[in-house]
Amino acid sequence: MSTSKSNLFMVALLLVPMTIINTSGASAGTNPKFPAIIIFGDSTVDPGNNNYIDTIFKGNVAPYGINFPGHVPTGRFSDGKLVTDFVASSLGIKDAVPPFLDPNLSDDDLRTGVSFASAGSGYDDLTTLLSNVITVSRQVEMFRSYIEKLKGIVGDEEANNIIAQALVVVSAGTNDLIFNFFDIPTRRLEFDISGYQSFLLQRLEDFVKQIYDLGCRNIVVAGLPPVGCLPVQMTVRLENPMNRQCLEDQNSDARSYNEKLVKLLPEIQAELPRSKLVYADIYQPLMDMIIHPQQYGIVETTVGCCGTGVLGLSLFCNSVTSACGNPSQYVFWDSVHPTQQVYRQLARYIVKE
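Throughout the sequence shown, residue numbering follows mature numbering (1 follows the signal peptide of the UniProt record, and there is no 0), covering -28 to -1, 1 to 325 in sequence.
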C-alpha cells in the first residue's frame, strides 16, 4: 500500500525527533529523546515472554538466535534481533529490549523499558484460545504490574514521567486474521472481512485508551504486513508446488485494514489530550523487498531459511532441522517471521519516515 502524504505527516509528528537522534550518531544510553521503550503485541515484537509461560509457541531453541549477540536463542522468532531492538538501539535507548517476564531484569532494564508482547497473540482474545499465550488485553495487566515496579525503583513522579515520555510500540493483528479468519474460519461465522476488521480496530481503540489512561502518550501502531506473502499462507493454499506466489486476496484484506487504521488513529488522538498516535507502515517496505529483492541483497522471498521454510514455527524450525547458510539472503527466517536483516531494514524505514 502506498504511503499517503497525510500518513507521512502523521509519522513526522512523532518520528522527526527519532531521525535527529539517529543521524547525530547517538548510541544506546546517551541522552535519548525517549527515556524508555514499551512494547505490546505478538511474535514480531516478543523478545522471549513466551519462554516463561506454558505454551508451544516458543522460539527458545536453536537455530533461533544464531545471529543474536552470543549466538543463543532468546525466544525471539528470528535468527537475531527484532525490529523493535533496532529501533531502540537507533534511538539511543538500549541495544535490545528484554521481555517483562524475565526474572533477572535489572533496575536499568525496567527504567528503560520492556516488552509485554507474546508470540501468537492478537487483539481478539479468541486468537489465543488454543495457544495459551498472553492476550493483548492481559498485557495491559502486566503493564500495570510494571508501573508499580518502576515506581518502587524511581518513585511515583519519575515513573509517571518515564511512562508519559516513553515510546510505546503496538504490533498485532496478523494472528487474528490467520487463526480466526483465513485458515481457521471461526470468526467468519460472525463477520465478513470488513466486519472483522472493524471488530479488531475497535479492540485496538479500546486497548490504546487503556494504556493512555495508564499514562502512555507517544504511541506507534504498526499496520499489517502483506499476509498473503507469508510462506505459511502460500503453503496452506498451494496448488502448484513449482509456482509459489503471494495470495492477493489476503494482501488486499491487509491493505484495507491498514487504510482503516490510518484513518482511525487521528480520530483516537483527537479524543486523547496530549497524545501522539502514529501509524507505522510495515506493508510497503516488506512488499518492496519481496518485489525487488535484488536491491536488498535478497535471493529468496517465498520460503523461510529455517526448517521446511513453509510450515509451522518452532515445530518445523528447531535443533533437529537445518537452516540455510546465509539468512540475510532471505526475507523470512521461518514460515512466518522475517530475518534479522529484514527487521533491520524495516527499522531503518520506520525511523527514517
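Each residue gets a CB set at the ideal place from its N, CA and C atoms; glycine is no exception.
Backbone CA spacing between residue i and residue j [nearest angstrom]
i: ILE(-8); j: VAL292; result: Summary for ILE(-8): the model assigns pLDDT 32, below 50, so the residue's position carries little reliability; its value from the coordinates is reported in the next sentence. Taking the straight line joining both Cα atoms gives about 43 Å.
i: LEU54; j: ILE270; result: 18 Å
i: PHE40; j: GLU325; result: 26 Å
i: GLN313; j: SER50; result: 10 Å
i: ALA144; j: VAL250; result: 15 Å
i: residue 350; j: ASN215; result: With the chain running from -28 to 325 in the structure shown, residue 350 is simply not present.
i: SER(-2); j: THR274; result: Below a pLDDT of 50, predicted positions are generally treated as unreliable, and SER(-2), at 44, falls in that range; the measurement from the model is reported next regardless. Spanning the two alpha carbons is a distance of roughly 35 Å.
i: SER294; j: ILE25; result: 26 Å
i: GLN222; j: MET206; result: 10 Å
i: ASP74; j: PHE29; result: 17 Å
i: ILE106; j: GLY31; result: 15 Å
i: LEU98; j: SER228; result: 22 Å
i: PHE151; j: PRO45; result: 26 Å
i: ASN132; j: GLY297; result: 46 Å
i: ARG160; j: GLY167; result: 9 Å
i: ASN104; j: HIS264; result: 38 Å
i: ASN290; j: ILE38; result: 12 Å
i: PRO35; j: LEU202; result: 20 Å
i: GLU177; j: GLY276; result: 33 Å
i: ILE254; j: THR146; result: 12 Å
Cβ-Cβ separation, residue j to residue i (assumed contact under 8 Å), whole Å
i: GLY52; j: ASN22; result: GLY52 to ASN22, Cβ: 17 Å. No contact.
i: ARG175; j: ASP96; result: 6 Å
i: ASP18; j: ALA89; result: 4 Å
i: MET259; j: GLN317; result: The Cβ separation is near 12 Å, so there is no contact.
i: ILE183; j: VAL141; result: About 11 Å separates the two Cβ atoms, so there is no contact after all.
i: PHE179; j: VAL108; result: 6 Å
Burial state of residue i (16 or more Cβ within 10 Å)
i: SER(-5); result: Because SER(-5) sits at a pLDDT of 30, beneath the cut-off of 50, its placement in the model cannot be relied upon, and the following sentence gives the value as read from the coordinates. Result: exposed.
i: GLY1; result: Any reading at GLY1 must be qualified, since the residue scores a pLDDT of 45, below 50, and its modelled position is unreliable; no value is offered.
i: GLY64; result: buried
i: ALA242; result: exposed
i: ALA138; result: buried
i: GLY13; result: buried
i: GLN111; result: buried
i: ASP155; result: exposed
i: PRO257; result: buried
i: ILE11; result: buried
i: ALA136; result: exposed
i: LEU102; result: exposed
i: ASN3; result: exposed
i: GLY42; result: exposed
i: ASN230; result: buried
Cβ shell of residue i (< 7 Å), same chain only, five flanking positions each side left out
i: LEU173; result: LYS232, LEU233 and LEU236
i: ARG209; result: LEU219
i: TYR315; result: SER50, LYS53, LEU54, VAL55 and PHE58
i: ASP148; result: GLY94, TYR95, ASP96, THR99 and LEU172
Same chain, Cβ closer than 8 Å to residue i, five either side skipped, listed in chain order
i: ARG83; result: PRO7, ALA8, LEU122, ILE125, VAL126 and ILE134
i: LEU77; result: PRO70 and VAL86
i: LEU186; result: VAL112, PHE115, ARG116, ILE119 and ILE135
Own chain partners of residue i with C-beta closer than 6 Å, once the 5 adjacent residues on each side are dropped
i: ILE165; result: ASP225
i: VAL59; result: ALA319
i: MET114; result: PHE72 and PHE88
i: THR311; result: ASP51, PRO299, TYR302 and TRP305
i: SER15; result: PHE49 and ALA91
Short CB-CB distance (under 8 Å) between residue i and chain C
i: PHE58; result: Absent here is chain C; the protein component of the structure consists of one chain.
Inspect the CB distances between the segment 195 to 207 and the segment 169 to 185 and report whether three or more fall short of 8 Å.
Look at the beta carbons and you see the segment 195 to 207 not touching the segment 169 to 185: under three pairs across the two are nearer than 8 Å.
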